[in-house]
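Asker: Here's a structure for you.
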Amino acid sequence: MKSRKRKSLFFMTLIAALTLVLSACGNNAGNNTSQTPPAGNDQAQNESNASGGKLLEQIKSKGKITIGLMGTYAPYNFVNENNEVDGYDADLSKEIAKRIGVEANFVTGEFSGLIEGLQKGKYDALVSQVTITEDRKKSIDFSEPYVKNDVSIIVKDNNDSIQSVEDFKGKKVGVALGTNDEAYLRDEVLPKIGDFEIVTYNDNLNALMDLNNGRIDATINNVFALKPLIESNNLKLKTVGEPLKSDFAGVAMPKNNPDLQEAVNKALQEIKDDGTLKTLYNKWFDVDPNF
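With mature numbering (1 follows the signal peptide of the UniProt record, and there is no 0) as the guide, the letters of the sequence shown map in order to residues -29 to -1, 1 to 262.
Below is the structure:
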């Protein structure tokens, strides 16, 4: 009998101990769930906050605004000899950040991934020559324009036969692949003029080199972007005629953040009103603002 009592007492004690352990584990698991979100939730929370209009509040709390840009598109944005992001976009970003009361933190990336990165919370804003278009407005918001880019025809300096798109007939015209300029040539110029060849390039420099060497007859592009390439490579090229079109770039931001959009627009207006925009334009483009 004593042996049976001892066994019963042992099993009762063991069951009680297991119950306490399981209960404690259950409580700890519940606490961990509420205090430490699963991996990946930080990004989801950032996206949720951004879409909820709290991004400006987060930026001010951090004391910095993370700006996405290419870092390979002089004179707009590039990495200088001191390994620092430099250029018109960078200087403008610093001015905007200062007027919001934070610092600018630059993160470089391929242009093709910038908008997706913005939507996923990798950047707070993009200042990287993101052209304002109706299609892009469906997925991201923009500030007021901070630069106007005139797209012109570029030819060899001894070419007097091309003065307008009407003169493209029978010619080879180079353009950067996947750009607004390529779409313009295919969708607007080619149907109107017809009978000219569009030659695409992965970068502007190769197009300019082929133009300089006579492999193509003309190219079209933003003159501000081409000027440093032409000068640094001693290319014998010139612009002709009136600008074909004008594109406007703005600060790109995630959708539904009116407070951030208002703060950026307010900063841009101050930059225009106090002459800072003119100073930056002259520093990087050698001209006054044209918008």
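Ideal placement from N, C-alpha and C gives every residue a C-beta, glycine not left out.
1) By Cβ distance, which residues of its chain are closer than 7 Å to T247, with the 5 residues on each side in sequence left out?
2) Measure from the alpha carbon of D60 to the alpha carbon of each residue in K25, D181, N76 and A178, then state which is nearest.
3) Around the C-beta of A45, are 16 or more other C-beta atoms found within 10 angstroms, so that it is buried, or is it exposed?
4) On a Cα-Cα basis, can you pick out the residue from E233, P225, I242 and F256 that is closest to K109?
5) Would F167 and V144 be called neighbours here (beta carbons separated by less than 7 Å)?
6) Classify G92: buried if its beta carbon has 16 or more other beta carbons within 10 angstroms, exposed otherwise.
7) In whole angstroms, what separates the C-alpha of D244 from that of G84?
8) Can you look up F113 in the DSSP assignment and give me helix, strand or coil?
9) Does the beta-carbon of V146 have 16 or more other beta-carbons within 10 angstroms, so that it is buried, or is it exposed?
10) Should the stretch 182 to 191 be called in touch with the stretch 246 to 261, which here means at least 3 C-beta pairs below 8 Å?
11) Please name the residue in E153, D131 and E233 whose C-alpha comes closest to that of L208.
12) Could you tell me which uninterrupted alpha helix (DSSP H) segments, each at least 4 residues in length, are contained entirely in the stretch 156 to 202, listed from first to last along the chain?
13) Report the option in P116, I38 and I201 whose CA atom is closest to the CA atom of Q240.
14) Please classify D57 as buried or exposed, where buried requires at least 16 other C-beta atoms within 10 Å of its C-beta.
15) Along the chain, where does the beta strand (DSSP E) that runs through T104 open and close?
16) Helix, strand or coil for A220, going by three-state DSSP, please let me know.
17) Determine the direct distance from the alpha carbon of L40 to that of N192, and round the result to whole angstroms.
18) Report the rounded CA-to-CA distance for N151 versus L161, giving the unit in angstroms.
19) Please tell me whether V211 and V126 are closer than 7 Å, where the distance is taken between their beta carbons.
20) Would you call the CB atoms of residue 273 and V258 closer than 7 Å?
Answerer: With the structure as the only source:
1) On the sequence shown, residue 247 is found 276 positions in, with the first residue counted as 1. Excluding residues within five positions, the ones whose Cβ falls inside 7 Å are E66.
2) Position 89 of the sequence shown, counted from the start, is the residue given in the question as residue 60. With distances taken between Cα atoms, D60 lies closest to N76.
3) To locate residue 45, count along the sequence shown from 1; it is residue 74. Under this definition A45 is a buried residue.
4) Translated into the one-based positions of the sequence shown, residue 109 becomes position 138. When only C-alpha atoms are compared, the closest one is P225.
5) Taking the first residue of the sequence shown as position 1, residue 167 is located at position 196. Taking the first residue of the sequence shown as position 1, residue 144 is located at position 173. Between F167 and V144, the CB-CB gap stays under 7 Å.
6) Against the sequence shown, residue 92 aligns to sequence position 121. Per the 10 Å Cβ criterion, buried.
7) Here the question's residue 244 lines up with position 273 in the sequence shown. Here the question's residue 84 lines up with position 113 in the sequence shown. Rounded to the nearest angstrom, the two C-alpha atoms are 33 Å apart.
8) Here residue 113 corresponds to residue number 142 of the sequence shown, with the count starting at 1. If DSSP states are grouped into helix, strand and coil, F113 belongs with the strands.
9) Counting from 1 along the sequence shown, the entry for residue 146 is found at position 175. Classification of V146: buried, given that the 10 Å Cβ count is 16 or more.
10) Using a C-beta cut-off of 8 Å, the stretch 182 to 191 makes no contact with the stretch 246 to 261, since fewer than three inter-stretch Cβ pairs fall below that distance.
11) The residue labelled residue 208 in the question sits at position 237 within the sequence shown. Considering only alpha carbons, the answer is D131.
12) Within the stretch 156 to 202, the complete alpha helix (DSSP H) runs of at least 4 residues are 161 to 164 and 175 to 183.
13) Reading the sequence shown from its first residue, position 269 is the one you call residue 240. Minimum Cα-Cα distance from Q240 among the listed residues P116, I38 and I201 corresponds to P116.
14) In the sequence shown, the residue the question calls residue 57 occupies position 86. The residue in question, D57, is buried, as its Cβ has 16 or more Cβ neighbours within 10 Å.
15) Here residue 104 corresponds to residue number 133 of the sequence shown, with the count starting at 1. Here T104 belongs to no beta strand (DSSP E), and DSSP marks it neither H nor E.
16) The count along the sequence shown starts at 1 and reaches residue 220 at position 249. Strand.
17) Reading the sequence shown from its first residue, position 221 is the one you call residue 192. Reading the sequence shown from its first residue, position 69 is the one you call residue 40. C-alpha separation (whole angstroms): 20 Å.
18) Counting from one through the sequence shown, the residue named residue 151 turns up at place 180. Counting from one through the sequence shown, the residue named residue 161 turns up at place 190. Rounded to the nearest angstrom, the two C-alpha atoms are 14 Å apart.
19) Here the question's residue 211 lines up with position 240 in the sequence shown. Here the question's residue 126 lines up with position 155 in the sequence shown. For V211 and V126, yes; Cβs fall inside 7 Å.
20) Residue 273 falls outside the range modelled here, since the chain spans only -29 to 262, and no answer is possible.
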